[in-house]
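Please read the structure below before turning to the comments.
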Amino acid sequence: MPPAIACVDLVRRFGTFTAVDRITLQAHVGSVFGFLGPNGSGKSTTIRMLCGLLAPTSGQAIVDGIDVARDPESVKRRIGYMSQKFSLYEDLTVRENLEFYGGIYGIGRRGRRARIDETLERTDLTDNPDTLVRELSVGVRQRLALGGALLHRPRILFLDEPTSGVDPISRRRFWSLIHELTAEGATILVTTHYMDEAEQCDRIALIRSGKLVADGSPADLKRELMPWPILSIDCANPFEALDIIARTPGVRDAALYGVHIHAVVEDTAVADALRTALEASGHAVYRIEGVAATLEDVFVAAAEGDADA
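Residue numbers for the sequence shown follow our numbering, so the first one is 60 and each next one is one higher.
If you want it as structure tokens, here you go:
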């Protein structure tokens, strides 16, 4: 079966600046494809090219077997797109926003009401169809924006940081809906900064400065991009201790991980040197232990250019 979404040597330049640099990737039918990278790395630009909103400088963007540059209008009819800002009209009600989207998608009046009722049910918005959008919480707005993207029943969805600024309960509810959609055969490409969400993706691409640096399942990326041991360090004043740890011989990288520090090391024997260096500088050490790599460890290493495939 051909991929639902594909990029082949995709390039986008703005003047002399290359925002997307020869990206090649595939998202298979019925999967969740995570697109990760630091701010400004080219994720949104890539999505805009895949949605037919921006022409590539060179290369191909293919969606549902269609070359987007050759027939962007056909692609737009087949996809749903949810931007970071939700694109809702605050002076309209929940139902009126969906009515507006239904008109844009060309859904006939006869079938539009039934489609809207179906969408309200699916996104758990049946309790407030007549509420103005400006009166809704961020989590409810998020579900409404997704409802707008789903109204015409697309088989492919592009979600650009859909859970940014949303509370944990709303995020969990949102991802439950995403998995329902993929179980029904939908393909979803999503960008996110939340590593717990990235863990739920079937496949992930990591992008840095417009270039693809890694592509694989979460388990594959943790195994291939983080071959070194990781030490979790619990000590006093971790923010101040971070520089001491990073400068200790045998430490490849160090980053804050909640209230702890994760240090990527050449060998776990470095633990003794770390304890000595920290205690010599007045930082009490409560615990140093080896831990399994997380996707956040991989992301930090890839974003900083320290990950090797």
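Ideal Cβ placement from N, Cα and C applies to all residues, glycine included.
Note that the structure is predicted; figures quoted are calculated from it, not measured.
Query raised in the report: Assuming Leu184 contacts Leu203 under a Cβ cut-off of 8 Å, what Cβ separation, rounded to an integer in Å, is found between them?
Result: With 8 Å as the limit, Leu184 and Leu203 qualify as a contact, their Cβ atoms being about 6 Å apart.
Query raised in the report: On the three-state DSSP scale, how would you describe Ile175?
Result: Three-state DSSP puts Ile175 in a helix.
Requested in this report: Compute the distance between the beta-carbons of Val67 and Thr83, then report whether it is under 9 Å.
Outcome: In contact: Val67 and Thr83 (Cβ atoms closer than 9 Å).
Query - Span separating the alpha-carbon of Gly244 from that of Ile215 - result: Looking at the two C-alpha atoms, the distance is approximately 9 Å.
Query - Whole-angstrom distance between Arg137 and Glu239, CA atom to CA atom - result: So the alpha carbons of these two residues sit roughly 19 Å apart.
**Report entry** Whether Glu376 touches Pro288 by CB criterion (9 Å)
**Finding:** Outside the displayed span of the chain (60 to 368) sits residue 376, for which this structure offers no information.
**Report entry** In DSSP terms, what Ala86 is bridged to
**Finding:** Partner(s): Ile64.
Query raised in the report: Since Asp219 contacts Gln143 with CB under 8 Å, what's their CB separation in whole angstroms?
Result: 5 Å between Cβ atoms; contact.
Query raised in the report: Taking the Cβ atom as the reference point for each residue, do Thr246 and Ala361 lie within a distance shorter than 9 Å?
Result: No, the pair does not count as a contact, with Cβ atoms beyond the cut-off.
Query - For Arg311, the first and last residue of its enclosing beta strand (DSSP E) - result: Residues Val310 to Tyr316.
Query - Burial state of Ala65 (16 or more Cβ within 10 Å) - result: Ala65 comes out buried.
Query raised in the report: Helix, strand or coil: which one does DSSP assign to Val225?
Result: In this structure, DSSP gives Val225 a state outside helix and strand, which the three-state scheme calls coil.
Query raised in the report: If Ile106 sits next to Phe217, beta carbons under 8 Å apart, how far is it from one beta carbon to the other, in whole angstroms?
Result: Here Ile106 really is in contact with Phe217; their C-beta atoms are around 5 Å apart, less than 8 Å.
Requested in this report: May I ask you to report which of helix, strand or coil DSSP gives Asp302?
Outcome: Note: Asp302 maps to helix in three-state DSSP.
Report task. List the endpoints of the continuous beta strand (DSSP E) containing Glu194. Result -> No beta strand (DSSP E) holds Glu194; DSSP gives it neither H nor E.
Query raised in the report: Do the segment 338-345 and the segment 306-320 meet, that is, are 3 or more Cβ pairs less than 8 Å apart?
Result: The segment 338-345 makes no contact with the segment 306-320: fewer than 3 CB pairs, one atom from each, lie closer than 8 Å.
Query raised in the report: What residue range is occupied by the uninterrupted beta strand (DSSP E) comprising Tyr377?
Result: Examination of residue 377 is not possible in this model, given that the chain is present from 60 through 368 alone.
Report task. Report all residues from its chain with a CB closer than 6 Å to the CB of Pro131; omit the five preceding and five following residues, and keep chain order. Result -> Result list for Pro131: Gly111, in chain order.
Query raised in the report: DSSP three-state call for Leu248: helix, strand or coil?
Result: In the structure shown, Leu248 adopts extended strand secondary structure according to DSSP, grouped into three states.
Query raised in the report: The alpha helix (DSSP H) with Glu155 in it runs from where to where?
Result: In the DSSP annotation of this structure, the continuous segment of the alpha helix (DSSP H) that includes Glu155 starts and ends at Val153 to Ile163.
**Report entry** Where the beta strand (DSSP E) containing Asp274 begins and where it ends
**Finding:** Note, Asp274: beta strand (DSSP E), Lys270 to Gly275.
Requested in this report: Determine the direct distance from the alpha carbon of Val70 to that of Arg129, and round the result to whole angstroms.
Outcome: Spanning the two alpha carbons is a distance of roughly 16 Å.
Query raised in the report: Looking at Val272 and Cys260, is the spacing between their C-beta atoms short of 9 Å?
Result: Going by C-beta atoms, Cys260 is not nearer than 9 Å to Val272.
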